[in-house]
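Trainee: Shown below is the structure under consideration.
Listed below in C-alpha cells is the structure:
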C-alpha cells in the first residue's frame with residue numbers, strides 16, 4: 806500500500822507543478838494544442854558554453870489524439886532560431902521521438918539547447934542583444950514562439 810500512496814502523491818505533485826507552470830506562463834495557441842512557456846535562464850559554464858532548458862506544458866484541446874514529433878536532431882519539429890540561424894536541440898525528453906496526446910490531456914516536455922550532441926552541428930552561443938524564438942513546425946500548425954531568456958548569475 807505504501808507504493809500506491811507514493812505513486813498517488815507523485816502523480817498529484819506532478820500535476821500541481823504543471824498547473825503552477827501554466828499559471829505563471831504565457832499561453833500560445835497552435836491549432837488544437839496550447840503551449841505554455843515560462844521565461845528561461847541561460848547558464849554559461851566555465852568552458853563558455855551557453856545552455857538553456859526550455860520547459861513547456863502542452864495541452865491537447867482537440868477531441869481526437871494529436872502528436873508532437875522530434876525523432877532526432879535532423880528530424881525534429883522544434884528548433885531554436887534568431888530568425889537568421891537555427892540550432893537543433895542538445896537533448897529532449899520526448900519519448901521515442903513522438904508524444905501522442907489523448908484528447909483533453911496535459912504533458913510537460915523539455916528541450917535543452919547548448920553544445921550539440923553531434924560535432925558537425927553548429928554550436929549555439931547566447932547573445933543578450935538577440936531575440937530568440939522556439940520555431941515549431943507541426944502538422945497541426947507553425948509557430949515562432951518568442952523566448953524570454955536571461956543569464957543566470
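Residue numbers (our numbering): 806 to 958.
Where a beta carbon is used, it is the ideal one built from N, C-alpha and C, also for glycine.
Give me the Cα-Cα distance between residue 845 and residue 853, rounded to the nearest whole angstrom.
Mentor: Approximately 18 Å between the Cα atoms of the pair.
Trainee: Is it the case that the segment 941-956 contacts the segment 836-851, given that we only count it when at least three CB pairs across the two stretches are under 8 Å?
Mentor: These segments touch.
Trainee: If we ignore side chains and look at the alpha-carbon of each, how far apart do residue 936 and residue 887 end up?
Mentor: If you take the alpha carbons of residue 936 and residue 887, they lie about 6 Å apart.
Trainee: Which residue marks the beginning of the beta strand (DSSP E) containing residue 933, and which one marks its end?
Mentor: Run containing residue 933: none; DSSP gives neither H nor E here.
Trainee: Less than 8 Å between the CB atoms is what I'm expecting for residue 912 and residue 863, so what's the real figure, rounded?
Mentor: Going by Cβ atoms, the distance from residue 912 to residue 863 rounds to 5 Å, so yes, they are a contact pair.
Trainee: In terms of alpha-carbon separation, which member of 940, 821 and 894 lies closest to residue 915?
Mentor: Cα-wise, what sits closest to residue 915 is 894.
Trainee: Can you list, in chain order, the residues of its chain whose CB lies under 7 Å from that of residue 892, leaving out five sequence neighbours each side?
Mentor: The answer, listed in chain order, is 884, 885, 918, 927 and 929.
Trainee: In the DSSP assignment, the beta strand (DSSP E) including residue 879 goes from what residue to what residue?
Mentor: No beta strand (DSSP E) contains residue 879, which DSSP labels as neither H nor E.
Trainee: Pull up the distance between the alpha-carbon of residue 900 and that of residue 850, whole angstroms please.
Mentor: Distance between the alpha carbons of residue 900 and residue 850 is about 28 Å.
Trainee: Thinking C-alpha only, which one of 943, 873 and 847 is nearest residue 931?
Mentor: Ranking the options by Cα distance to residue 931, first place goes to 847.
Trainee: On the criterion of 16 or more Cβ atoms from any shown chain inside 10 Å, does residue 871 qualify as buried, or is it exposed?
Mentor: Buried is the call here.
Trainee: Give the straight-line distance between the Cα atoms of residue 827 and residue 902, rounded to the nearest whole angstrom.
Mentor: Taking the straight line from one Cα to the other gives about 24 Å.
Trainee: Tell me the DSSP secondary structure of residue 820 in three-state form.
Mentor: Residue state, collapsed to three classes: helix.
Trainee: Over what stretch of residues does the beta strand (DSSP E) that includes residue 888 continue unbroken?
Mentor: No beta strand (DSSP E) holds residue 888; DSSP gives it neither H nor E.
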